[in-house]
Amino acid sequence: MFKVIKLLHVKRGIDTMLLLRRLNKRFFKRVKLMRLLRTSTLFFILYPIWQYIKLAKHKSEWRKKNYHNFTCAKNLFPIDKVTVGKQTYGDIEFCYYGGKYEELRIGNYCSIACNVKFLGGGEHPVNHLSTYPFLRHVFKMPEGESIMKGIIIYDDVWIGDGVTVLSGVTINQGAIIGAKSIVTKDVPPYAIWIGNNVLKYRFDKKVCEKLSKLDLNTINLNAFKLFCDMEITEYNVDYIISKISR
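In case it helps, full-length UniProt numbering puts the sequence shown at residues 1 to 246.
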């Protein structure tokens, strides 16, 4: 910039100081304009519109990459951090905090109700002097990487309305999560989780063990159609598994 000003001064006789003053005025006008926009009514009108456009674009990109299921991205998150299996349906609200290990993996044939929230991270240290993130907010220093793992949800999981799933949790195949529950630890296969703990299991122990070995990703759908509405008991579970397995 200064070389250009010097060249103009030498070749065309332009007053250098006058040119600098004009450039400074324009620069500070732009800075003042940006500050004004941030505090003005116009900013509060335009910002939600801008956010709406970003979310609409994000939802479109999500559907292009998830044509094999019926899910919808409810908020903004890195698409490469979330994977969903086939035929799963529901809104995906993944709270991403920027951690290296934050991810969400959802299996096949899962049912996700409204207002379900998956927390990818955001843990605060409870065994330090303070739970406040002093390093990041006060001292402007990088914090240590969180050791929490991502969230894993296996096949055939039903999650009720208003459930919150914390980071590092694994919900195993066939589990049911009751409405408004908070999932703080791993949920066993075919367990029914109500509130903050396992209430009971869908079947007896032997049936749960047999069903948990079934890979729903490889079942014979034509055969499954004949048994999908049939009640599972200890007397028919082996026969049904043998018919629907490939």
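The beta carbon of each residue, even a glycine, is placed where N, CA and C say it ideally should be.
Values in this document were obtained by computation on a predicted structure and should not be read as measured data.
Are residue i and residue j touching if we call contact CB-CB under 8 Å?
| i | j | result |
| --- | --- | --- |
| I106 | I177 | no |
| residue 282 | I194 | Shown here, the chain extends from 1 to 246; a query on residue 282 therefore has no answer. |
| L161 | A113 | Reading off the sequence shown, one finds Asp at residue 161, where the question assumed Leu. Contact: yes. |
| N69 | Y89 | yes |
| L46 | H58 | no |
| I241 | K210 | yes |
| I53 | C72 | no |
| L104 | G120 | yes |
| T131 | H137 | no |
Shortest alpha-carbon distance to residue i belongs to which of the options?
| i | options | result |
| --- | --- | --- |
| F203 | N196, Y190, L119, Q173 | Y190 |
| N196 | M230, I112, G85, K180 | K180 |
| K185 | D155, K140, I151 | I151 |
| I79 | A175, P188, K64 | K64 |
| F94 | G174, T218, W62 | W62 |
| K205 | P125, K100, E234, D155 | E234 |
| R246 | T218, D229, G121 | T218 |
| S212 | N236, D155, C228, P142 | D155 |
| residue 249 | K149, K140, M141, Q87 | Beyond the ends of the chain as shown, which are 1 and 246, falls residue 249; an answer cannot be given. |
Run the CB neighbour count on residue i, radius 10 Å, all protein chains shown included, and call it buried at 16 or more, exposed below.
| i | result |
| --- | --- |
| L199 | exposed |
| D238 | exposed |
| C110 | buried |
| K74 | buried |
| V169 | buried |
| K167 | It should be noted that the sequence gives Ser, not Lys, for residue 167. Buried, since its Cβ has 16 or more Cβ neighbours within 10 Å. |
| Y226 | Looking at the sequence shown, residue 226 is not Tyr but Leu. By the neighbour-count rule (16 or more Cβ atoms within 10 Å), L226 is not buried but exposed. |
| Q173 | buried |
| D215 | exposed |
| N220 | exposed |
| N236 | exposed |
| G98 | exposed |
| N127 | exposed |
| V4 | Note that V4 has pLDDT 45, beneath the 50 cutoff, so the model's placement of it is unreliable and the number below is only indicative. Label assigned to V4: exposed. |
| I49 | exposed |
| I14 | With a pLDDT of 46 at I14, under the threshold of 50, the modelled position of this residue cannot be trusted; read the value that follows with caution. Classification of I14: exposed, given that the 10 Å Cβ count is below 16. |
So residue i packs on residue j, CB below 8 Å; how close in whole Å?
| i | j | result |
| --- | --- | --- |
| V207 | I244 | The Cβ separation is near 15 Å, so there is no contact. |
| E102 | K81 | 6 Å |
| residue 247 | A175 | Given that the chain is displayed from residue 1 to residue 246, the structure contains no residue 247 and the question cannot be resolved. |
| V163 | V183 | 7 Å |
| N108 | G122 | Between G122 and N108 the Cβ distance is about 28 Å, and since that is not below 8 Å, they are no contact. |
Grouping DSSP H, G and I as helix and E and B as strand, with all else coil, what is residue i?
| i | result |
| --- | --- |
| K11 | Low confidence applies here, because K11 scores a pLDDT of 45, under 50, leaving its location unreliable and the question unanswered by this model. |
| Y47 | helix |
| L55 | helix |
| I223 | Note on identity: in this sequence residue 223 is Ala, with Ile being the wrong assignment. Correct three-state label for A223: helix. |
| F203 | coil |
| R63 | helix |
| D238 | helix |
| S181 | coil |
| C208 | helix |
| L214 | coil |
| D91 | strand |
| I244 | helix |
| F134 | helix |
| K149 | coil |
Should residue i be listed as close to the ligand NAP, given that the test is whether its C-beta is under 7 Å from any heavy atom?
| i | result |
| --- | --- |
| K210 | As presented, the structure is devoid of all ligands, the ligand NAP included, so that no description of it is given. |
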